[in-house]
Amino acid sequence: LDYVGKEEDVLPGDTLITSGFGRVFPKGFPVGTVFQVAEEKTELSRRVGIVCMTDLNKLEEVFIIIGGRDWKGGEAWIELEKGSGEEDGAKEDRDGGGEGR
48 LDYVGKEEDV LPGDTLITSG FGRVFPKGFP VGTVFQVAEE KTELSRRVGI
98 VCMTDLNKLE EVFIIIGGRD WKGGEAWIEL EKGSGEEDGA KEDRDGGGEG
148 R
């Protein structure tokens, strides 16, 4: 991650999450963990090393979570930790009971 301002409080072990500002990804999804913060004395910014939480080269399936304007970031992550997924909407779609998106 390049061009992180020196005034930002970033430490190894911090979790990087999506901000939602670009309207591409919802707010609150964890992306990775900071493992290194490199500072150059002559630079105005820092370079931050991130370890991704997922090996994107090994993904076979991706679920798209559609939440609309009222969606609150982080809820999907909590559901993942609880082990939800197929027992919810994915099974309904196969059985014809879902919206079929």
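When you line the sequence shown up against this note's numbering, it's residues 48 to 148, in that order. Even glycine gets a Cβ: it sits at the ideal position worked out from N, Cα and C. Only a predicted model underlies this, so the values are computations on that prediction, with no experimental measurement involved.
C-alpha distance - residue i paired with residue j, whole-angstrom precision
i	j	result
Q83	K105	24 Å
I97	P77	12 Å
L63	V57	10 Å
K88	V81	20 Å
D49	E107	29 Å
P59	L103	22 Å
F68	E90	26 Å
E54	G79	21 Å
F165	T101	With the chain covering only 48 through 148, there is no way to say anything about residue 165.
R94	D61	14 Å
Per DSSP, cross-strand counterpart(s) of residue i
i	result
L58	Bridge partners of L58: none, in fact.
R94	A85
P77	I64
Closest by C-alpha distance to residue i, when choosing among the options
i	options	result
C99	T65, K53, S92, K74	T65
G52	T101, L103, A85	A85
Backbone secondary structure at residue i - three-state DSSP
i	result
L103	helix
V71	coil
K53	coil
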